[in-house]
Structure formats: C-alpha cells, structure tokens
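Structure first, then comments.
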Amino acid sequence: MSRTRNSLINLTVAMVGEVVAVPIGFVARMVFIRSLGAEYLGVNGLFTSILTMLSLVELGIGPAIVFSLYKPLAENDTKKVQAIMQLYKKAYTIIGTVIAVLGIVMTPFLSYLIKDVPDIKNIEFIFLLFVINSAISYFYAYKQNLIIADQRRYVVTLYRYAFFSIVNLLQIAFLYLTKNYIVFLVLRIVCTLLENLLLARSADKLYPFLRQKTTERLDGNTIQEIKKNTGAMVSQKIGEIVTNSTDNIVIAAMVGTIWVGIYSNYILITSALNGIMGQFFTAITASVGNLGATESKAKLLAVFQKIQFATFWIFGFSSICLFYLVNPFIAVWVGNEYWLSMDTVLLLVVLFYIQGMRRAVLTFREALGLYWYDRYKPLFQGVINLAISVVLAPKLGISGVIIGTVISVLTTCFWIEPYFLYKKGFVAPLKSYYFKYAVYTAITVVTGLVTGAGVGFITGDTLAAFIGKFLVCLFVPNLIFLAMFYHAQEFRYFLLLAKNIVLKKVIKKIG
Numbered sequence: 001m002s003r004t005r006n007s008l009i010n011l012t013v014a015m016v017g018e019v020v021a022v023p024i025g026f027v028a029r030m031v032f033i034r035s036l037g038a039e040y041l042g043v044n045g046l047f048t049s050i051l052t053m054l055s056l057v058e059l060g061i062g063p064a065i066v067f068s069l070y071k072p073l074a075e076n077d078t079k080k081v082q083a084i085m086q087l088y089k090k091a092y093t094i095i096g097t098v099i100a101v102l103g104i105v106m107t108p109f110l111s112y113l114i115k116d117v118p119d120i121k122n123i124e125f126i127f128l129l130f131v132i133n134s135a136i137s138y139f140y141a142y143k144q145n146l147i148i149a150d151q152r153r154y155v156v157t158l159y160r161y162a163f164f165s166i167v168n169l170l171q172i173a174f175l176y177l178t179k180n181y182i183v184f185l186v187l188r189i190v191c192t193l194l195e196n197l198l199l200a201r202s203a204d205k206l207y208p209f210l211r212q213k214t215t216e217r218l219d220g221n222t223i224q225e226i227k228k229n230t231g232a233m234v235s236q237k238i239g240e241i242v243t244n245s246t247d248n249i250v251i252a253a254m255v256g257t258i259w260v261g262i263y264s265n266y267i268l269i270t271s272a273l274n275g276i277m278g279q280f281f282t283a284i285t286a287s288v289g290n291l292g293a294t295e296s297k298a299k300l301l302a303v304f305q306k307i308q309f310a311t312f313w314i315f316g317f318s319s320i321c322l323f324y325l326v327n328p329f330i331a332v333w334v335g336n337e338y339w340l341s342m343d344t345v346l347l348l349v350v351l352f353y354i355q356g357m358r359r360a361v362l363t364f365r366e367a368l369g370l371y372w373y374d375r376y377k378p379l380f381q382g383v384i385n386l387a388i389s390v391v392l393a394p395k396l397g398i399s400g401v402i403i404g405t406v407i408s409v410l411t412t413c414f415w416i417e418p419y420f421l422y423k424k425g426f427v428a429p430l431k432s433y434y435f436k437y438a439v440y441t442a443i444t445v446v447t448g449l450v451t452g453a454g455v456g457f458i459t460g461d462t463l464a465a466f467i468g469k470f471l472v473c474l475f476v477p478n479l480i481f482l483a484m485f486y487h488a489q490e491f492r493y494f495l496l497l498a499k500n501i502v503l504k505k506v507i508k509k510i511g
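In UniProt numbering, the protein residues as written are 1 to 511.
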C-alpha cells in the first residue's frame with residue numbers, strides 16, 4: 001500500500017471517528033455539569049492534569065522506540081522488530097507500575113494542590129481511580145505503537161473511537177440515573193482495560209511473529225539510537241507536560257477549583273478542534289517517516305511546504321471560527337454563566353493559532369527523529385511558562401496563565417523547532433519558512449476582521465443567532481482563502497490530489 005493511500009485511510013477513519021466522538025463528548029460534558037456541577041468538573045480537570053504530570057515517568061520512551069521501528073518495518077526485518085517490541089514491553093510494564101506507586105504516595109497530599117478544597121466525599125479514593133486508569137493504560141499498549149509505526153493507525157483509531165463512544169454513552173446513562181461520580185470513573189477504567197486487551201489481540205493477528213519467542217538482541221547502534229532519542233525526549237516530555245498540564249494546577253491553587261471547571265469547557269472545545277484538524281497531521285506522520293527513510297531532502301522540503309500551507313488554511317480558518325463562535329456556543333451548550341471574558345478568549349485563540357501553526361514542523365520533526373537537537377528547549381519553555389503563570393495568575397486570573405503559555409511558546413518553540421528542522425532535516429535556508437508564516441498570519445488577521453464585520457450584524461445568544469454566525473464564519477474565511485490561493489502551487493496540489501481520489505473511486509465503481 002502506498003504512503004499516500006495509507007495516509008488517506010488513516011485520515012478518513014480518524015475524521016469519521018472525530019465526527020462521531022465530538023458530539024458525544026459535548027453531550028457527556030453537558031450531562032456531567034447538570035448532574036454533578038462545577039465543583040466535580042473542576043476536580044475532574046485537576047486530577048486529569050496531575051495524572052498527566054505523573055506520565056513524566058514515560059520519559060519519551062514511546063516516540064523514541066516508534067522511530068526505531070520505521071526502518072526495520074520498511075525492510076521487513078521481523079527479527080529486529082521482535083527485539084524492539086520486547087524492549088518496549090518491559091519499559092511500559094515498568095512505567096505503569098511506577099505511575100501506580102507514585103499516585104498512591106501522592107494521595108495524602110492532595111489538599112496542598114487545591115486552593116479551596118471542595119466538599120466532595122471520598123476525594124482520595126476518586127483520585128486513586130484516576131491513578132488506576134492511568135497506570136493500566138500502559139499495560140498491553142506497547143503493541144498499539146507497532147500498528148501505528150506500520151502506517152496502520154486506522155486500526156488503533158477504530159478501537160479508540162469505538163471505546164470512547166461506548167464509555168461516554170454508558171457514563172451519560174449512569175450519570176443521568178445515579179449521579180454517582182465513582183461509577184462514572186469505574187466505567188472508564190473497565191473500558192480502558194478492554195480497549196488495550198482487544199488492540200493487543202489485533203496486533204497479534206496482524207503480526208503473528210509477536211507471539212513467537214526470540215533470542216534476537218538489539219545491536220549496539222540501535223540501542224544507542226534509542227537511548228539518544230529517549231534522552232532527548234526526556235526534556236521534551238518534561239517541558240511539554242509542564243507547559244500543558246500545570247495550567248489547571250496553577251488555576252486550582254491560585255484562582256479556584258471552580259475556575260478549572262469553567263476553563264476546562266473551553267479546553268474541551270479547543271481540544272475537539274485540535275482533534276479534528278490534527279487528524280491530518282497524525283495520519284501522515286508514519287508516511288513522512290517512511291518518506292524520510294527512502295527519499296531525498298529536496299523531496300522532503302517540497303512536501304513540507306505543501307503541508308505548511310495546509311496547516312495555515314486549517315488553523316487560520318478554525319482560529320477565526322473559535323474567536324467568534326466559542327462564547328455563543330457556550331451559551332447554547334451549558335449557559336452563559338460559564339463564559340470567560342472576550343479578552344481571555346482572544347488570548348486563548350492566539351495560543352490556539354500559534355500552537356496549531358507548529359503542527360507541520362512537529363510532524364516532520366517527529367517522523368524524522370530530530371529529538372536530540374532541541375532537547376533542552378522544552379525545559380526552558382516549561383520554566384518560562386510556569387514562572388510567568390505563577391506571577392500573573394493572582395492578578396489576571398486565567399488570562400495570566402494563558403499569557404504565560406503564549407510567551408513561553410514564542411520565546412522557544414516558535415524559532416527553535418523550525419531552525420533545527422531546516423538545518424538538520426532539510427539542510428535548507430529558513431527564510432522562506434518565516435516569510436510564509438508572516439504572510440499566512442497577516443492574511444488570517446485581515447480575514448478575521450472581515451469575518452467579524454459580518455458576524456457583527458447578528459445579535460443575541462439564541463440557537464438561531466449561533467447558526468447565523470456559524471454560517472458567516474464557515475463561508476467568509478474559506479472564500480477569501482480560495483480567492484487568494486486558487487492559483488497557488490500548494491492549493492493546486494491538494495486540488496489535484498482530491499480530483500484523483502474522486503476519479504479513482506468513480507472508475508472503481510464503473511469497473
């Protein structure tokens with residue numbers, strides 16, 4: 001199967017999964033809020049962030065080992081794949097066990113992380129249920145990454161979205177009937193375990209050699225490469241988790257647990273957008289890895305520039321939609337008492353855009369295994385983010401936390417990641433990247449202002465008003481982008497690709 005076909009299958013399955021999962025997720029959140037309230041929502045967000053912090057134990061071993069699988073899979077070297085997977089199994093078993101132990105040790109100290117401890121019964125036991133779910137997610141999970149590295153992410157995606165839908169529907173039903181948070185969490189644990197077991201079984205069927213015992217040992221070069229990439233990923237992991245997971249902890253400690261819940265509604269929306277838009281990048285990662293192992297650097301750069309264009313269109317359009325639609329959507333969804341101010345929303349959209357525009361660079365960086373060169377960047381990013389957030393949160397609340405994250409990204413990721421990708425991955429000048437970034441950003445801002453003029457004619461917080469604003473945001477940005485880039489090489493490439501896909505399907509049906 002070709003790289004393009006693999007990517008398209010991965011993308012199609014992922015997009016269908018997101019289309020099904022996103023509405024279910026929003027209904028589940030609405031039922032959660034109405035059944036349990038803002039305090040439970042805040043605790044849910046806080047404990048999720050704490051467990052994400054504990055996942056530091058993983059140390060970036062996963063991505064490093066996945067990268068080491070690309071070449072032996074391309075060369076059909078099953079013996080080497082077996083040896084790598086044995087190492088993977090040992091590593092993930094240890095990681096899951098350590099997370100469980102650390103979570104148990106942390107339990108008595110939860111009150112130190114919460115400014116206003118909510119009146120929730122069995123809060124320590126609730127935290128332990130979070131710990132159990134996180135720990136068991138590592139058992140049997142190592143086999144999933146072999147499927148992903150072999151450009152068959154769609155298999156993992158099918159299971160993931162199926163179980164996401166099942167657990168959310170069950171949780172909705174039980175919350176509606178019992179309003180019991182502990183039952184809600186137990187259902188999640190059961191589904192996590194079943195998903196991992198069934199995916200492991202699927203991997204065994206796809207790769208029968210996984211069940212065979214082997215005496216094959218990894219050669220020194222492979223072990224050294226895994227160690228090197230893991231060492232680089234340690235700081236990456238620390239920085240990313242400090243940047244992405246300390247926000248809720250800072251808000252809980254300095255602003256209040258209820259605000260964690262309110263903020264988490266906005267994060268659910270941006271995560272849903274990232275989930276939908278990000279499937280494009282996730283779907284092509286393994287194919288880019290294969291491309292890097294078999295093609296020239298010039299070919300890699302040409303493909304990257306097309307992906308950078310797609311990144312702009314995806315995140316420019318979605319950022320405009322997010323700014324004008326998020327509060328109207330919140331009002332219709334859970335009520336305007338869960339609104340954040342427009343100043344805070346603007347900061348959230350800026351963060352969403354600059355994080356989204358990194359996706360092309362990060363996809364190629366991950367696929368090419370360029371972890372080592374910017375290994376210290378996330379540490380600086382994490383320190384800057386945490387320091388600024390802690391200083392500004394008491395004065396500016398959630399806005400101060402978001403400002404900390406924005407500044408940390410602009411002072412580190414914004415220039416370091418593309419610098420090393422172009423220097424080590426493409427061996428090409430970097431000027432064209434920043435020139436295009438500036439042009440794309442300017443077009444997004446101007447398009448956003450024009451869209452805002454149209455949205456301004458529609459007033460009110462009703463469902464009809466939201467639909468009207470949505471239609472303006474759907475058509476205006478895309479029509480402007482289309483008018484400006486219709487003759488651009490990058491747009492013509494994707495247009496031709498789409499035509500070829502449709503033509504092949506028509507020919508197949510006729511045949």
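Even glycine gets a Cβ: it sits at the ideal position worked out from N, Cα and C.
Taken atom to atom, the span from the alpha-carbon of residue 443 to that of residue 206 is near 46 Å. Taken through DSSP and simplified to helix, strand or coil, residue 75 comes out as coil. Per DSSP, residue 171 is one residue of the alpha helix (DSSP H) stretching across 153-178.
When the Cα atoms are used, residue 307 and residue 360 turn out to be separated by approximately 6 Å. If you compare the alpha carbons of 194, 379, 353 with that of residue 402, the shortest gap goes to 353. DSSP, reduced to helix, strand and coil, places residue 460 outside both helices and strands of the structure shown, so it counts as coil. Remark: C-beta atoms of residue 262 and residue 338 approach each other more closely than 8 Å. Contact between the stretch 263-277 and the stretch 410-424 is absent: fewer than 3 CB-CB pairs across the two stretches fall below 8 Å. Contact annotation, residue 195 with residue 163: C-beta distance approximately 4 Å; criterion of less than 8 Å satisfied. Around the beta carbon of residue 497, a 10 Å sphere encloses fewer than 16 other beta carbons of the protein chains shown; the residue is thus reported as exposed.
Rounded to whole angstroms, the separation of the alpha carbons of residue 288 and residue 10 is 13 Å. Counted as a single uninterrupted DSSP element, the alpha helix (DSSP H) harbouring residue 133 occupies residues 123-136. Residue 109: not part of any alpha helix (DSSP H); DSSP gives it neither H nor E. When rounded, the separation of the alpha-carbon atoms in residue 43 and residue 130 is 11 Å. In the three-state DSSP reduction, residue 68 falls in the helix class (H, G or I).
For a cut-off of 8 Å, the C-beta gap from residue 82 to residue 225 is around 17 Å, too long to register as a contact. Per DSSP, reduced to three states, the secondary structure at residue 319 is helical. If you look at residue 426, you'll find it isn't in any alpha helix (DSSP H); DSSP assigns it neither H nor E.
The alpha-carbon of residue 375 is positioned some 21 Å away from that of residue 95. Going by beta carbons, residue 149 and residue 69 fall inside the 8 Å limit.
Within its own chain, the residues whose Cβ lies closer than 6 Å to the Cβ of residue 22, once the five positions on either side in sequence are excluded, are 272, listed in chain order. Ranked by Cα distance from residue 17, the options 30, 122, 161 are led by 161. Residue 238 carries a helical assignment under DSSP once its states are collapsed to helix, strand and coil. With a threshold of 16 other beta carbon atoms within 10 Å, residue 440 meets it and is buried. Distance from the CA atom of residue 97 to the CA atom of residue 62, rounded to whole angstroms, is 16 Å. Rounded to whole angstroms, the Cβ separation of residue 317 and residue 478 is 6 Å, and the two are in contact under 8 Å. Short of 7 Å from the beta carbon of residue 167, and not among the five residues preceding or following it, lie these beta carbons of its own chain, in chain order: 187, 188, 191. Collapsing the DSSP output to three states places residue 372 in coil. Relative to residue 227, the option among 53, 335, 492, 64 whose CA is nearest is 64. Following the DSSP letters along the chain, one finds residue 182 inside the alpha helix (DSSP H) bounded by residues 181-206. Rounded to whole angstroms, residue 182 and residue 31 show a C-alpha spacing of 15 Å. Here residue 73 is buried, its C-beta having at least 16 other C-beta atoms within 10 Å. For the 8 Å CB-CB criterion, residue 260 and residue 25 do not form a contact. Excluding five sequence positions before and after residue 210, the CB atoms of its chain that fall closer than 8 Å to its own CB belong to 82, 85, 143, 146, 203, 204, given in chain order. Contact between residue 113 and residue 251 is ruled out by a C-beta separation of about 11 Å, above the 8 Å threshold.
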